[in-house]
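Under the working numbering, read the sequence shown as residues 1361 to 1663, first letter to last. See below for the structure under consideration.
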Amino acid sequence: MFDELINKLKNDTYITLETTPGHSPVFTPTVDKIAELGLDKLVDGFTTTDNPLAKLKYNALFAAKILQDRFNKPVIATMSMRDRNKIALQSDLLGANEVDIRAILALTGDPATISDQPHAKGVFEGDSSLLLDIISAFNSGMNYAGKPLAVKPKTLYPFAVVNSYAKNPKTLQKKIQKKIKHGAIGIITQPVYDVQNAIQLLELRDAANAECCSEDKKGELIIGLFPITKLRTAQFLSAHVPGINVPNSWLEALREANLKGADEEYKVGFELSKKLFDDVKKLHPKIHLMTANQFTLAKDLLS
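This is how it looks when you write it as structure tokens:
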């Protein structure tokens, strides 16, 4: 299962779909919706998010297990440095390994200060590089303290993230390079909204690989796409989310459509998003699709 996913990442077309567990003790309705739409037949795998924006959600590892068992497709489970120390990170990885949750997206995590849980405190023993290093240790049969584990874990597959835009592109290259150096095999970008942005990221990936490591330690870039069908979403991303650049052409087109009504706004946003999806797929068919659980929208884009 995982070998096939990694082979697709390195040598073929590759697409994963993000799922966001809800503020609920049940994840099955989300899985049922994916099955109802047949989305599992349109993607190579899924991801599960880990309390994004520090808001309390269903556990990403348990959600990954349910998805993986239902569709027999690999799931990349997100783990955040915000909520766990070294002991908890390693303990979760040990338990997940036995039930075959072995693709891990390492995140530093959003600050606990924006959480919906009063007085929550972030752990942050390190950034996502620490989790990547822990995974490397596990793949060598040791814990992070260098003590051999009683049984060598099944291979873990580490993924990471990077911003899609920076005023100084060299800073992005350094971040990509850092993730590769610490073992990430796939690096998912924040959403892009311009093919030229995607081209630049691929050039930075090439430079990072060339400067970083040996031939056997290369990272593949996965272009993140998040369709925009509302003006307010575009304005929010443009104004408040660092590391993303929404072109003025998108903002203007959605602003004009918004004046004509919600249907026109959705139509224009979908057309812009669909064209971008198709263009990126031709350029670099390694895509991670994020739709905030708007799975009908995901199917329309993928069909």
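Every residue gets a Cβ at the ideal spot worked out from N, C-alpha and C, and that includes glycine. Predicted model only: the values in this text are computed from it and were never measured.
Cβ neighbours of residue i in the same chain (closer than 7 angstroms, five flanking residues each side left out)
i: S1488; result: M1441, A1466, L1467, T1468, A1520
i: G1455; result: none
i: L1491; result: M1439, M1441, L1449, A1466
i: L1421; result: A1437, D1452, A1456, I1461
Residue i classed as buried or exposed, judged by whether at least 16 other C-beta atoms fall within 10 angstroms
i: N1528; result: exposed
i: N1605; result: buried
i: S1475; result: buried
i: L1416; result: exposed
i: N1447; result: Correcting the residue type first, residue 1447 is Ile in the shown sequence and not Asn. The residue in question, I1447, is exposed, as its Cβ has fewer than 16 Cβ neighbours within 10 Å.
i: K1642; result: exposed
i: F1498; result: buried
i: Q1477; result: exposed
i: S1524; result: buried
i: D1404; result: buried
i: G1621; result: exposed
i: N1557; result: buried
i: P1385; result: exposed
i: A1570; result: exposed
i: F1586; result: buried
i: A1568; result: buried
Integer-rounded CB distance, given that residue j should sit under 8 angstroms from residue i
i: G1482; j: A1472; result: 4 angstroms
i: I1494; j: A1463; result: Contact doesn't hold; Cβ gap of about 15 angstroms is too wide.
i: T1390; j: N1653; result: 7 angstroms
i: L1509; j: I1536; result: In fact, because the Cβ distance is near 30 angstroms, the residues do not count as touching under 8 angstroms.
i: H1644; j: L1562; result: 6 angstroms
i: A1423; j: P1381; result: 4 angstroms
i: F1362; j: T1379; result: Not a contact, Cβ separation roughly 18 angstroms.
i: D1460; j: P1412; result: Not quite, the Cβ-Cβ distance comes to about 24 angstroms (not below 8 angstroms), so this is no contact.
i: C1572; j: I1548; result: In fact, because the Cβ distance is near 18 angstroms, the residues do not count as touching under 8 angstroms.
i: V1555; j: D1639; result: 5 angstroms
Spatial neighbours of residue i in its chain, beta-carbon cut-off 8 angstroms, leaving aside the 5 residues before and after
i: L1399; result: L1377, F1655, A1658, K1659, L1662
i: M1426; result: Residue identity check: residue 1426 is Ile in the sequence provided, not Met. Same-chain partners within the cutoff: F1387, T1388, V1391.
i: N1445; result: V1483, E1485
i: S1496; result: P1518, H1542, G1543
i: A1526; result: L1532, G1603
i: K1368; result: Y1374, D1404
Same chain only: Cβ atoms within 6 angstroms of residue i, ignoring 5 sequence neighbours per side
i: T1373; result: P1645
i: Q1550; result: N1523, S1524, G1584, G1603, I1604
Would you mind listing the alpha helix (DSSP H) stretches within the stretch 1509-1548 that are 4+ residues and don't spill past its ends, in chain order? Correct list: 1529-1541.
Count the CB pairs spanning the stretch 1618-1630 and the stretch 1585-1599 that are closer than 8 angstroms, and state whether there are at least three. Taking 8 angstroms as the limit for Cβ pairs, the verdict is that the stretch 1585-1599 does touch the stretch 1618-1630.
Quick test of the definition: if touching needs 3 or more C-beta pairs under 8 angstroms, does the stretch 1566-1579 touch the stretch 1388-1408? With fewer than three CB-CB distances shorter than 8 angstroms, the stretch 1566-1579 does not count as touching the stretch 1388-1408.
Could you tell me which uninterrupted beta strand (DSSP E) segments, each at least 3 residues in length, are contained entirely in the stretch 1570-1603, listed from first to last along the chain? Taking only runs of at least 3 residues, the beta strand (DSSP E) segments lying wholly in the stretch 1570-1603 are 1580-1585.
Give a yes or no on contact between the stretch 1631-1644 and the stretch 1531-1540, applying the rule of three or more CB pairs nearer than 8 angstroms. The count of Cβ pairs closer than 8 angstroms, one atom from the stretch 1631-1644 and one from the stretch 1531-1540, stays below three, leaving the stretches out of contact.
Unbroken stretches of the beta strand (DSSP E), 3 residues or longer, contained in the stretch 1446-1522: Complete beta strand (DSSP E) runs here, min 3: 1463-1467, 1517-1522.
What are the start and end residues of each continuous beta strand (DSSP E) run of 3 or more residues lying completely inside the stretch 1396-1435, in chain order? Look at the stretch 1396-1435 and you find these whole runs of beta strand (DSSP E), each 3 residues long or longer: 1405-1408.
Hey, which unbroken runs of the beta strand (DSSP E) at 3 residues or more fall wholly within the stretch 1593-1655? Here the runs fully enclosed are 1646-1649.
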